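Just so you know, this note's numbering puts the end of the sequence shown at 947, numbered straight through with nothing missing. Below is one structure, written out as structure tokens, with a few remarks after it.
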Amino acid sequence: MPAVDAIQPNVISVLETVTPKNIRSIPLSSTHFDILCLHVLYNRTAFENILPNDTVYIGTLRDPFDYFISMMLYFPMMFDRFNISGPRAITDFLEDPEKHDASISIEKYALYSFTKNRMAIDYGFPLELLVNSRSRKKDIHKYLKQLDKELELVIIVEHFDESMILLKRILKWSTKDILYIRQNANTNTGNKEINIGENDRTRYRQLSEIDFMLYRHFYLKLWRQIKMELLFHEEVLYFKTVRKEVEDFCQNLNQNSTVLKFPSSEWSETFEITRGTCDSLMISEFDFVKKIKENQYPSLIRLAVLVVITTVALIYIEFRTIEKRELPIQLNVLQQEVRHIAFVKVHKAASTTIQNILFRFGTERNLTFVMPSVNAIYPHVISLLETVTPKNIRSIPLSATHFDILCLHVLYNRTAFENILPNDTVYIGTLRDPFDYFISMMLYFPMMFDQFNISGPRAITDFLEDPEKHDASISIEKYALYSFTKNRMAIDYGFPLELLVNSRSRRHDIQRYIEQLDKEFALVIIVEHFDESMILLKRILKWSTKDILYIRKNANRNTGNKEINIGENDRTRYSQLSEIDYMLYRHFYLKLWRQIKMELLFHEEVLYFKTVRKEVEDFCQNLNQSSTVLKIPSSEWSEHFEITRGTCDLLVISEFDFVKKIKEKQYPR
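Shown next as structure tokens:
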């Protein structure tokens, strides 16, 4: 706990690490400190002097620009201090930060800064690195590597629930231990209205480059850690559902509320949430600190020994999350929904799930779909080798004047698509991490193992050690469009043959084609951020929450029951083999997050959607004779709607059966 004469009762220091002068001594009832989680600058030696040898160190980081904006809004006195105001305040500051903030322009005040590399300051970066970041990159990387060794986990705020599951596994805690209700989140204490200029983020990156290096390092590390975990996202979904139920229970306590019981699952033993639990979850930081002080550090938090490095106005382990500005929301239902859509269907990239969404939307509104010709090899595929032509699709039905939606598999070609679709058609697509996509394709189509003469746990490694030996579509240029192992997603997006076979020497042309796709597509869904993509889809198409509901289709299917191991160099080799897919994926991955950053109250809606979707999935997967209707009440994100048995039937119907149903309706005999 902070010293008795601390300026702020919940802060040890914002300028230095722990010292005998700024903390209280060990209580008489204890022999040592167990947990350090109040704000103080990190210094490993100082921390080790007061904590046990088996202490586990964790921290937290956030996108530096979002962090900067949040800090400004949370501490509005900085606007006056920096002599900036109005919607252009952030832009004015970033156009000349040294003019406004003395802690930037005067080296000796660098540790006082709350606008430049503040997270790096909290992580104990030496002063000489903070003031000479441009010329000390090597030393900065060295310090980063040292932090990497010292910190077991750095929580990434943008992936908070995923971080919580990693925390649970690392500390061997229970689900109940990591439950939270948001504290001090999304607070704009001065009710400031600000605009973000087009160059503000770039300018801030230049100003706080150490923070960006720090964030990038541990952001990537988080995903590397997650990739090593089994059934990780399944547990995240379970946790999100449980957490929201707990939050709803605690925020709606009344005289009739008693106990919320959670049955045992593969992720947790049975546990209960009581009124007392809710009180502990919702107590303010100040009151909790006061309570602990008064009780001289009782075992309120008793399970593991750890240190949490906190950042002012960032979340600490009592949990803060992404910023929310108190601005009005315009519900999409008040706007004209988009009904003309072209979807580039990429195998094993959540495309069947998205297709089901489009099928449901269209059939409910009696829209007309592009269907394969009557002599198509696959009844649900237009073509795997070419774009739409008069020969591979059916004509417009007699009951319609034009096609409305194209969402069956066919190679993308803008001119060909425009020839059959209305002028106001909105184009969307889907992409997935290329290596995960490759593995999923191999497991979904096990005949490729025989075709490539590979088998056993080392099959993937054997293939990637010499792909041209195994796959003729790689070694023979004229067969490049037939490939399902090299740049398959790029093929689906219509990359010209000459770029596919000369990728190393045509990088400029590849990038130019990607930029053209960027202009042509309103949204490319990223599978790893599927729910976020769905909310963007909803907003772009001006649809409702009910329209974008889904139950996963064809997900994680290993149809041949193959057991494979991934070698340590397999991912690198595949990135060299399918470099266009990686360029394509990287471009639209970054674009997705740029689009998200332009949205208001976005993550709040994602959380709402995840909760509703899981409720719907649970309802549909547990239908029985007594099941009637699931009613979803109105909210700031959606009007009231109902899920019936008929809705569930459409959510779970197979692609083959849905296509058959549409054909029978559009082309009756």
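Glycine included, C-beta positions come from ideal geometry on N, C-alpha and C. Computed from a predicted model, the values in this text were never measured in an experiment.
When you compare the CB positions of F343 and K470, do they come within less than 8 Å of one another, or not? Counting from one through the sequence shown, the residue named residue 343 turns up at place 65. Counting from one through the sequence shown, the residue named residue 470 turns up at place 192. Cβ distance not < 8 Å, so F343 and K470 don't count as in contact.
Could you pull the start and end residues of the beta strand (DSSP E) that A654 belongs to? Counting from 1 along the sequence shown, the entry for residue 654 is found at position 376. Unbroken run through A654: none, as it is neither H nor E.
For L592, which of helix, strand or coil comes out of DSSP? The residue you call residue 592 lines up with position 314 of the sequence shown. Reliability of the predicted coordinates at L592 is poor, the pLDDT of 33 falling under 50, and the value obtained from them is presented with this limitation in mind. Coil at L592, not helix or strand.
I'd like the list of long-range same chain contacts for P700, defined as Cβ closer than 7 Å, with 5 residues on each side in sequence excluded. On the sequence shown, residue 700 is found 422 positions in, with the first residue counted as 1. Excluding sequence neighbours, P700 sits near H618, H680.
Which of helix, strand or coil DSSP assigns to L870: The residue you call residue 870 lines up with position 592 of the sequence shown. In this structure, L870 counts as helix in the three-state DSSP scheme.
Residues near I285 by beta carbon distance below 8 Å, same chain, minus five either side: Against the sequence shown, residue 285 aligns to sequence position 7. Closer than 8 Å at the Cβ level, and outside the excluded window around I285, lies no residue.
Across which residues does DSSP place T693 in a beta bridge pair? One-based indexing of the sequence shown puts residue 693 at position 415. For T693, which the question treats as bridged, DSSP gives no partner whatsoever.
Between the Cα of L636 and those of I570, Y690, V704, S677, spot the shortest distance and give me the residue it belongs to. Here residue 636 refers to the residue found at position 358 when the sequence shown is read from its first residue. Here the closest residue by C-alpha is V704.
Identify the continuous beta strand (DSSP E) that holds K539 and give its terminal residues. Taking the sequence shown and counting its residues from 1, one reaches residue 539 at position 261. 537–540 is the span of the beta strand (DSSP E), which, as asked, contains K539.
Between Q873 and the rest of its own chain, which residues show a CB-CB distance below 7 Å, the 5 nearest in sequence each way excluded? In the sequence shown, the residue the question calls residue 873 occupies position 595. If we look at Q873 and ignore the five residues flanking it on each side, its Cβ neighbours are L814.
Tell whether a beta-carbon distance below 8 Å holds between L372 and R494. Taking the first residue of the sequence shown as position 1, residue 372 is located at position 94. Taking the first residue of the sequence shown as position 1, residue 494 is located at position 216. No; because the gap between Cβ atoms is not below 8 Å, this pair is not in contact.
My output table needs one value for L686: the three-state DSSP class, helix, strand or coil. Translated into the one-based positions of the sequence shown, residue 686 becomes position 408. Residue state, collapsed to three classes: coil.
Per DSSP, what kind of secondary structure is L295 in: helix, strand or coil? Counting from one through the sequence shown, the residue named residue 295 turns up at place 17. Before going further, note that residue 295 is Thr rather than Leu in the sequence given. Per DSSP, reduced to three states, the secondary structure at T295 is coil, with no helix or strand assignment.
Going by DSSP in three states, P280 sits in which element: helix, strand or coil? Here the question's residue 280 lines up with position 2 in the sequence shown. Reduced to three states, the DSSP call for P280 is strand.
Taking only runs of the beta strand (DSSP E) that begin and end inside the segment 420–461, which ones reach a length of at least 3 residues, in chain order? 431–434
What's the C-alpha gap between R322 and S291? In the sequence shown, counting from the first residue as 1, residue 322 sits at position 44. In the sequence shown, counting from the first residue as 1, residue 291 sits at position 13. The alpha-carbon atoms of R322 and S291 are separated by roughly 16 Å.
Just to confirm the assignment, what range does the beta strand (DSSP E) spanning L339 have? Indexing the sequence shown from 1 puts residue 339 at position 61. Residues 334–339.
Can you pull the DSSP bridge partners for L908? The sequence position of residue 908 within the sequence shown is 630, counting from 1. L908 pairs with I921.
Rounded separation between M726 and E642 - CA only: Start at 1 with the first residue of the sequence shown, and residue 726 comes out as number 448. Start at 1 with the first residue of the sequence shown, and residue 642 comes out as number 364. Going by the C-alpha atoms only, they are around 38 Å apart.
Which word fits V514, buried or exposed, when buried means at least 16 other C-beta atoms lie within 10 angstroms of its C-beta? What you label residue 514 is simply residue 236 of the sequence shown in a count that begins at 1. Answer is buried; the Cβ neighbour count reaches 16.
Let me know the secondary structure DSSP gives Y705 once reduced to three states. Working through the sequence shown from its first residue, we reach residue 705 at position 427. If DSSP states are grouped into helix, strand and coil, Y705 belongs with the strands.
Cβ pair count under 8 Å reaching 3, the segment 883–890 against the segment 738–755: no
Name the residue from L293, V779, P650 whose alpha carbon lies nearest to the alpha carbon of A398. Indexing the sequence shown from 1 puts residue 398 at position 120. Checking every option, the nearest Cα to that of A398 belongs to L293.
Using three-state DSSP, classify F621 as helix, strand or coil. As a position in the sequence shown, residue 621 is number 343, starting the count at 1. Strand.
Assess contact between the segment 703–722 and the segment 760–770, defined as three or more Cβ pairs (one per stretch) separated by less than 8 Å. Is contact present? yes
Count the other CB atoms within 10 Å of the CB of H310; is the residue buried (16 or more) or exposed (fewer)? Here residue 310 refers to the residue found at position 32 when the sequence shown is read from its first residue. Answer is exposed; the Cβ neighbour count stays below 16.
Taking the DSSP output, what are the residues bridged to V289? The residue given as residue 289 occupies position 11 in the sequence shown. Under DSSP, V289 shares a beta bridge with H317.
Excluding the five sequence neighbours on either side, which residues of its own chain have a C-beta within less than 6 Å of the C-beta of R851, listed in chain order? As a position in the sequence shown, residue 851 is number 573, starting the count at 1. For R851, where only same-chain residues beyond five positions count, the Cβ hits under 6 Å are L742.
Could you compute how far the alpha carbon of A654 sits from the alpha carbon of I803? Looking up residue 654 in the sequence shown gives position 376. Looking up residue 803 in the sequence shown gives position 525. One C-alpha to the other measures close to 28 Å.
At least 3 beta-carbon pairs within less than 8 Å: the segment 814–830 vs the segment 616–634: yes
Can you tell me which residues form a DSSP beta bridge with V983? For the chain, the structure presents residues 279 to 947; residue 983 sits outside this window and is missing.
Contact set for L485: own chain, Cβ-Cβ below 6 Å, skip 5 residues either direction: Here residue 485 corresponds to residue number 207 of the sequence shown, with the count starting at 1. Correct list, in chain order: P375, K394.
Between K943, T823, N634, which has its C-alpha nearest E244's C-alpha? Here the chain covers residues 279 to 947 and nothing more, so residue 244 does not appear.
Tell me, which residues are paired with E550 by DSSP? Here residue 550 corresponds to residue number 272 of the sequence shown, with the count starting at 1. Note: E550 sits in a beta bridge opposite K539.
Cβ pair K446, I456 closer than 8 Å: Looking up residue 446 in the sequence shown gives position 168. Looking up residue 456 in the sequence shown gives position 178. Their beta carbons are under 8 Å apart, which means K446 touches I456 by this criterion.
Distance, V567 Cα to A768 Cα: Walking along the sequence shown from the start, residue 768 turns up at place 490. Walking along the sequence shown from the start, residue 567 turns up at place 289. Approximately 55 Å between the Cα atoms of the pair.
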